[in-house]
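Reading through the structure tokens given below for one structure.
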Amino acid sequence: MTELPINLIDIGVAIILLISGLLAFSRGVVRETLGIGSWIGATIATVYGFHYLRPIARDLIDSQLIADASAGAAIFVISLVVFTILTQLIAGRIQKSRLGALDRMLGIVFGLFRGALLVCLAQMMFVWAVAEEDKPSWVDQAITMPYIIHGADLIRSIVPHKTLNEAQKRVKATGDGIRKAKEADKNRRDAEEKFEKATEELKPNNEE
711 MTELPINLID IGVAIILLIS GLLAFSRGVV RETLGIGSWI GATIATVYGF HYLRPIARDL
771 IDSQLIADAS AGAAIFVISL VVFTILTQLI AGRIQKSRLG ALDRMLGIVF GLFRGALLVC
831 LAQMMFVWAV AEEDKPSWVD QAITMPYIIH GADLIRSIVP HKTLNEAQKR VKATGDGIRK
891 AKEADKNRRD AEEKFEKATE ELKPNNEE
């Protein structure tokens, strides 16, 4: 891996930034930001509207679990559709106006920022999930890694410590679970190999 002229981390970062930038350029900064706002708005609507729709759903559906899930899903989907339609109308008018070019140019900036944010978040989760001794040596050799680490440090300084610690615990628990599953699978294969060898060794004795 170290003999490659370009590190795979650098290639991955370039691809993520390129795709995110091109998508944001084609959609425009208004549509991108309002799109995120649509998901946030739908989530807020679900939180506040669930209390009112839940009794109605429970009257129509026998299972309380299914009724609650249906109520929450219905509010979220309907809200998201409404917000998305409004987003399309607003963004469409802006792109057809004189501000269309500016909207797309700012979209590139937004897309690059979003891509960089995703890369930094991925680095944080990688550090939490993968033990230092299991980390490949070529990861730290990426040209972009110092910038990624700096971005991750900025995120840590902004996000509340309680939220950060909770996320770290969950990611670390997932990583530990994966490692334990791999170790269990390796132990199982080793046991099967030993059993097969022991069986092969007993065959000549049985034939005699």
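Note that our numbering has the sequence shown beginning at 711, numbered continuously upward. Heads up, the beta-carbon is just placed ideally off N, CA and C, and yes, glycines get one too.
Q: Output the residue ranges of the beta strand (DSSP E) runs that lie fully inside the region 753-821 and measure 3 residues or longer, sorted by chain position.
A: For the region 753-821, not one full-length beta strand (DSSP E) segment reaches 3 residues or more.
Q: Starting from ALA734, follow the alpha helix (DSSP H) in both directions and report where the run begins and ends.
A: First-last of the alpha helix (DSSP H) with ALA734: 718-737.
(Q) For a test of the three-state rule: what should DSSP assign to VAL869, helix, strand or coil? (A) Coil, per DSSP.
(Q) Can you check which of these residues, VAL723, ILE746, ASP813 and LEU763, is closest to GLY793 by C-alpha distance? (A) The question names Gly, yet the displayed sequence has Phe at residue 793. Just measuring C-alpha positions, the residue of VAL723, ILE746, ASP813 and LEU763 sitting nearest PHE793 is ILE746.
Q. What did DSSP end up calling VAL840 once you bin it into helix, strand or coil?
A. Here VAL840 carries a coil assignment [DSSP, helix/strand/coil].
Q) CA-CA distance, ILE859 and ARG866? A) For ILE859 and ARG866, the distance between alpha carbons rounds to 10 Å.
Q.
Would ASP720 and ALA801 be called neighbours here (beta carbons separated by less than 8 Å)?
A. Result no, Cβ atoms of ASP720 and ALA801 do not sit closer than 8 Å.
(Q) Contact between the region 818-836 and the region 779-797 is defined here as three or more beta-carbon pairs at a separation below 8 Å; is this criterion met? (A) Contact between the region 818-836 and the region 779-797 is absent, because fewer than three Cβ pairs lie under 8 Å.
Q: Work out the CA separation of LEU827 and ILE726 for me, nearest whole Å.
A: Here the alpha carbon of ILE726 sits roughly 10 Å from the alpha carbon of LEU827.
Q.
Using only the alpha-carbon positions, how far apart do GLY751 and SER789 sit?
A. Spanning the alpha carbons of GLY751 and SER789 requires a straight line of approximately 8 Å.
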